[in-house]
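Colleague: Can you read through this structure? Questions will come right after.
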Amino acid sequence: MYSLAQLKYDLDFNKSMDDIIHVLKMSTSLQLRQLQRTRWSEQGFLQAFCDAFSLIKIEQLQQHQFIFRQQLSPKAVVVVTSDDGFLGDLILNLVDIGLAEKNAEDVLIVIGQKGANYLSSLKKSYLRMPGINEKTYVRDVRKLRKYLISQYLQGKINQAVIIYADFSSISSRDIKFDKLLPFPINDFWRRIKEVKRSGELLIESSLKAVVNEMVVLGLDFKLREIAYSSKLAEFSARIMHLENSYQELLKHNQKLSIDYFKILHNLSDQQLRESLSVRLSQERNIINS
Numbered sequence: 043m044y045s046l047a048q049l050k051y052d053l054d055f056n057k058s059m060d061d062i063i064h065v066l067k068m069s070t071s072l073q074l075r076q077l078q079r080t081r082w083s084e085q086g087f088l089q090a091f092c093d094a095f096s097l098i099k100i101e102q103l104q105q106h107q108f109i110f111r112q113q114l115s116p117k118a119v120v121v122v123t124s125d126d127g128f129l130g131d132l133i134l135n136l137v138d139i140g141l142a143e144k145n146a147e148d149v150l151i152v153i154g155q156k157g158a159n160y161l162s163s164l165k166k167s168y169l170r171m172p173g174i175n176e177k178t179y180v181r182d183v184r185k186l187r188k189y190l191i192s193q194y195l196q197g198k199i200n201q202a203v204i205i206y207a208d209f210s211s212i213s214s215r216d217i218k219f220d221k222l223l224p225f226p227i228n229d230f231w232r233r234i235k236e237v238k239r240s241g242e243l244l245i246e247s248s249l250k251a252v253v254n255e256m257v258v259l260g261l262d263f264k265l266r267e268i269a270y271s272s273k274l275a276e277f278s279a280r281i282m283h284l285e286n287s288y289q290e291l292l293k294h295n296q297k298l299s300i301d302y303f304k305i306l307h308n309l310s311d312q313q314l315r316e317s318l319s320v321r322l323s324q325e326r327n328i329i330n331s
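Printed below as a string of structure tokens:
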């Protein structure tokens, strides 16, 4: 049984923790809302992108190195984690799925220090990249895209996939697996087929160079979408983790409060009994005298 002083100290300490959790939760909620306000309209880009691809014959696309590659190993497995904590089991789940996807000859790329820390604790080899920042994520994904394309063109990898948390709502997120290279043209193919060709396309540059640039644009778009959703998922996971911590702290405080007032009641009762005992003793002495 704790002493009254220890229980009082624990209650005061937990009150401070309660205030800290509340501030962190409010701050993260604000970050999430601010990021949601920066959402761009992707429909204009998707329409233009699919319009452009519709002018190129599918036979020509299938021969392009960014669209088709017969050998698909080794591959790069990209896992998007975070530099920040309070995410519960999200980081562990992402990294575990990445490790399950990786074969012996593949390279594992982890985005975010928390994922790197977990991999280091498992003594696994990996390449670390900085976590996604909500203010610079557009620039961050370009760095990742340049690295992947460079490795792909050099033949160091023949495929690239990415594993990330996809935002659904404040209380819900999914872990998704997407292909990056060879470029997943099938993801856009339904839209492309719906575009009616109005004539032949005259290309001054080589077809290869044009498709190269279109794939770069498409990868930037896809990675930007992933980074945006992943960051929202990170914020939502942190909010829910902090809320769960608050609920656990609330239960613990209730137990401490019960113990505190029980001891306080017992002490008060003991003092009352001692006081009555002393008074009765004094009254007997008076009577006897």
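In case it helps, this note's numbering puts the sequence shown at residues 43 to 331. The C-beta atom is built at its ideal place from N, Cα and C for all residues, glycine as well.
Taking Cβ positions, are Thr70 and Phe277 nearer each other than 8 angstroms?
Modeller: Their beta carbons are under 8 angstroms apart, which means Thr70 touches Phe277 by this criterion.
Colleague: Would you check if the distance between the CB atom of Gly154 and the CB atom of Ser124 is smaller than 8 angstroms?
Modeller: Cβ distance < 8 angstroms, so Gly154 and Ser124 count as in contact.
Colleague: Can you find the residues in the same chain that come closer than 8 angstroms, C-beta to C-beta, to Leu134, ignoring five residues on each side of it along the sequence?
Modeller: Closer than 8 angstroms at the Cβ level, and outside the excluded window around Leu134, lie Tyr160.
Colleague: Tell me, which residues are paired with Ile151 by DSSP?
Modeller: According to DSSP, which records beta bridges pairwise, Ile151 is partnered with Val120 and Leu169.
Colleague: Who pairs with Phe219 in a beta bridge, going by DSSP?
Modeller: Ile205, per the DSSP bridge assignment.
Colleague: Following the continuous alpha helix (DSSP H) through His64, name the residue where it begins and the one where it ends.
Modeller: Where His64 is concerned, the enclosing alpha helix (DSSP H) stretches over Leu46 to Arg79.
Colleague: Is it buried or exposed, Lys188, if we count other Cβ atoms within 10 angstroms and call 16 or more buried?
Modeller: Per the 10 Å Cβ criterion, exposed.
Colleague: For Ser213, does the three-state DSSP call read helix, strand or coil?
Modeller: It is coil, neither helix nor strand.
Colleague: Give me the Cα-Cα distance between Leu284 and Gln196, rounded to the nearest whole angstrom.
Modeller: Distance between the alpha carbons of Leu284 and Gln196: 44 angstroms.
Colleague: Would you check if there are 3 or more beta carbon pairs closer than 8 angstroms linking the region 180-194 to the region 254-270?
Modeller: Contact holds: three or more Cβ-Cβ distances are below 8 angstroms.
Colleague: Of the choices Phe128, Lys99 and Lys67, whose alpha-carbon is the least far from that of Leu249?
Modeller: Leu249 has its Cα closest to that of Lys99, out of Phe128, Lys99 and Lys67.
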